[in-house]
Amino acid sequence: MLCSHQWQGSHMSSRDQNRFKAKRKAEEAKTTTAEKRRRHPLIYAFSVAILVIVIITFIGGPLLGRLGEGGAIVFGRYGKKDIEFVPGNYLSRQRDYLYDQLGTSASSESYEWQAYRVWKGAYDNTVLHTAILLDGGSAGLHVSDNRIDEMLLTSGPYMVDGAFNEERYKNTPSSERFRYRGLYREELLHQQYLQDIFRNGVTSSKEAVFLKGMASEERSFEYVLFSYSDFPDEQVAEYGEEYRHLFRKIKLSRITIKSSLAETQAIRRQITDNAATFEDQAKNYSNDAFSEKGGDMGWRTYHSLSADFTDAGNLDSLFGLPQDDISQIYDTSFGWIFFKIDSPSVDADLSDIETLESVRSYMTRFERGKIEDYIISIAEEFKSSAQESGFQDAASANSFAVYNTESFPINYGNTFFMGEIKSTDETQDLSGAVNNEAFFLELFSIEEGQVSNPLILNDTVGVFSMLEARAVSEEDLSFLEDYYPYIVQQYNEQDFQNFVFVSDMLEDNFTKVFSEIFLTQ
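Numbering (my numbering), first residue to last: 427 to 947.
Now the structure itself:
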């Protein structure tokens with residue numbers, strides 16, 4: 427999630443990252459950059475130089491005036507600690523570090539986006555750093571003065587040519603020495619916390635054996651998918667006819683007032699007394715997304731408005747009003763509203779393609795069971811045919827496309843360290859299988875050539891037949907067992923980060939403050 431150097435100690439070696447396919451992207455990026463440099467060295471160098479100047483200006487420039495006015499730039503708060511930018515503090519150092527990491531990669535992106543990446547990364551890292559210090563402090567985590575002295579003697583700001591320089595130390599003001607000790611104390615506490623919580627973790631050997639068991643067999647399948655979009659237009663039209671009133675339309679303008687009923691009544695009265703137009707009142711007083719357009723909502727269906735009305739009778743009366751009429755005031759969960767009738771209601775035209783799509787969209791959202799039952803019945807018919815005549819022949823007889831999967835193990839959640847669930851056809855999406863327990867139970871219970879029961883996968887239903895089951899090599903399984911502790915560590919760190927960023931202790935104002943500083947320049 428983050429690009430902070432604070433977390434890099436948890437990653438695997440380059441060889442192992444290559445096993446997990448991370449190295450390839452980096453190599454491709456290097457190749458692209460090298461090719462640009464080779465073909466147009468002067469243009470490339472000039473472009474990068476100009477971009478670096480622009481990014482420096484954008485990243486640092488707007489702060490100069492703000493800091494010149496005095497005070498820190500506060501982006502949020504964790505617990506009782508401000509997440510703030512002050513020159514030389516943790517967020518400041520993280521910003522500088524992440525800017526250095528940009529290198530020449532900035533050449534393909536806008537400087538606004540680059541600035542956002544740098545500042546957001548620095549902010550996120552500071553939030554985590556603050557959370558670690560608070561949690562570690564409450565647990566009694568301690569770093570001795572001797573350890574700080576040792577770090578300052580071997581890698582601190584007083585080093586000259588790789589050795590501690592006593593003269594530089596003596597020439598440093600005492601206030602700066604104190605600040606350096608504080609910075610190094612925080613850094614050591616941070617690293618100690620990570621080491622104690624994440625990198626010294628003990629994992630059970632039985633867990634690794636269980637994981638090896640899950641990964642020990644991989645299966646491949648052929649399959650046919652039946653999409654919910656295949657639900658027949660005829661049945662959509664039948665539903666629309668039965669519930670025609672839901673798809674009536676009316677053209678409306680709306681005013682929403684959140685302050686009080688009395689103010690709403692006063693605003694409405696000015697309109698009905700012809701002292702002001704509906705459009706002007708909407709622009710001046712309405713508190714919704716339609717105010718800038720004078721309240722214009724366009725055409726709306728009965729069912730799309732129903733959520734705003736606790737009493738269906740009020741909605742029925744609205745649909746009965748004539749053109750240019752001003753409705754009564756309705757009390758809603760988001761304020762007081764009233765409408766102007768721009769065009770009176772009209773019945774649903776079920777011969778119109780757009781109306782049928784509206785009915786289909788409504789059914790997909792609110793009558794999903796009807797669609798699902800129909801698609802499953804089609805899939806059941808195909809399963810019966812496939813069992814009788816064979817999978818390929820049954821699909822061919824019905825003009826159904828047949829796809830194949832890659833080989834994969836029982837990989838619930840599509841974890842990166844085992845074979846992923848994916849089709850050999852990149853256009854086919856099997857994401858609905860990833861967290862589907864029924865999918866794994868069914869497909870790892872059938873025999874070779876056997877046809878599965880229909881399986882619901884998001885907005886499709888799939889029928890599968892096993893092509894092959896193969897044993898995973900002991901070498902690959904040993905690799906998985908050896909690196910299981912690293913895998914657990916990475917997941918624990920990710921869980922910790924997720925916990926921090928959804929915690930009630932975090933007050934996150936980053937986007938608002940960043941926009942005020944940078945995007946209004």
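Just so it is clear, CB atoms sit at the ideal spot from N, CA and C, and this is done for glycine as well.
Run through DSSP, which three-state label would residue i get?
i, result
"valine 635", "helix"
"methionine 844", "coil"
"phenylalanine 944", "helix"
"methionine 789", "helix"
"serine 712", "coil"
"methionine 892", "strand"
"arginine 674", "coil"
"methionine 577", "helix"
"proline 770", "strand"
"glycine 875", "coil"
"valine 928", "helix"
"serine 679", "strand"
"phenylalanine 472", "Confidence at phenylalanine 472 is low in this model, with a pLDDT of 39, below 50, so the placement of that residue should be treated as unreliable; the coordinate-derived value is given next. Correct three-state label for phenylalanine 472: helix."
"leucine 881", "strand"
"tyrosine 606", "helix"
"glutamate 648", "strand"
"alanine 452", "Since pLDDT at alanine 452 reaches only 43, below the 50 mark, its modelled position is unreliable, and the value read off the structure follows with that caveat. Three-state result, alanine 452: helix."
"alanine 836", "The question names alanine, but residue 836 in the sequence shown is isoleucine. The answer is coil: DSSP assigns isoleucine 836 none of H, G, I, E or B."
"threonine 556", "helix"
"alanine 897", "strand"
"glutamate 667", "helix"
Once the 5 residues before and after residue i are set aside, which same chain residues still bring their CB inside 8 Å of it?
i, result
"phenylalanine 764", "Arg680, Ile681, Thr690, Arg694, Ile752, Ser753, Gln754, Ile755, Tyr756"
"threonine 781", "Gly666, Phe673, Ala774, Asp775"
"serine 712", "Arg680, Ile681, Thr682, Ile683, Gly721"
For residue i, collect the residues of the same chain with a Cβ closer than 7 Å to its Cβ; drop the 5 residues on either side in sequence, then sort them by chain order.
i, result
"alanine 864", "Leu881"
"phenylalanine 624", "Ser436, Gln915, Asn918, Glu919"
"methionine 723", "Leu678, Ser679, Arg680, Phe716"
"alanine 859", "Ile847, Phe865, Leu883"
"proline 583", "Tyr606"
Could you tell me whether the Cβ atoms of residue i and residue j are closer together than 8 Å?
i, j, result
"alanine 663", "leucine 903", "no"
"isoleucine 847", "asparagine 861", "no"
"glutamate 633", "valine 898", "no"
"threonine 406", "lysine 507", "Since the first residue shown for the chain is 427 and the last is 947, residue 406 is missing from the structure and cannot be characterised."
"isoleucine 801", "aspartate 622", "no"
"serine 871", "alanine 812", "no"
"leucine 517", "alanine 565", "no"
"glutamate 868", "serine 646", "no"
"leucine 567", "glutamine 618", "yes"
"leucine 528", "glutamate 612", "no"
"isoleucine 683", "tryptophan 762", "yes"
"glycine 721", "phenylalanine 735", "no"
"asparagine 935", "phenylalanine 636", "no"
"isoleucine 767", "leucine 741", "no"
"phenylalanine 808", "asparagine 830", "no"
"phenylalanine 652", "alanine 805", "yes"
Would you say residue i faces chain B, with C-beta separation under 8 Å as the test?
i, result
"threonine 580", "Protein chains in the displayed structure number just one, and chain B is not present."
Can you tell me which of the options puts its alpha carbon nearest to the alpha carbon of residue i?
i, options, result
"alanine 649", "Asn840, Ser941, Thr850", "Here residue 649 is tyrosine; the residue named in the question, alanine, does not match the sequence. Taking only the C-alpha atoms, the option nearest tyrosine 649 is Thr850."
"valine 828", "Gly888, Leu614, Asp522, Thr698", "Gly888"
"tyrosine 504", "Tyr542, Gln527, Pro911, Asn551", "Asn551"
"valine 512", "Tyr523, Arg521, Gly502, Ala498", "Ala498"
"valine 926", "Gly502, Val553, Asp522", "Val553"
"arginine 896", "Tyr910, Ser712, Glu874, Phe590", "Glu874"
"glutamine 520", "Asp930, Pro911, Glu852, Leu609", "Leu609"
"aspartate 561", "Asn591, Met577, Leu615", "Leu615"
"isoleucine 750", "Ser759, Ala738, Leu731, Ser771", "The displayed chain sequence assigns aspartate, not isoleucine, to residue 750. Per the Cα distances, Ser771."
"glutamate 668", "Thr629, Val785, Ser570", "Val785"
"aspartate 885", "Lys938, Arg794, Glu942", "Arg794"
Sorted by chain position, which residues of the same chain lie with C-beta nearer than 6 Å to residue i's C-beta, five sequence neighbours on each side aside?
i, result
"leucine 932", "Tyr504"
Starting from the N-terminal side, write out each stretch of the beta strand (DSSP E) that is 3 residues or longer and does not extend beyond the region 714-755.
722-727
Quick check for students: name the residue ranges of the beta strand (DSSP E) that lie wholly in the region 498-543, counting only runs of 3 or more.
499-504, 507-511
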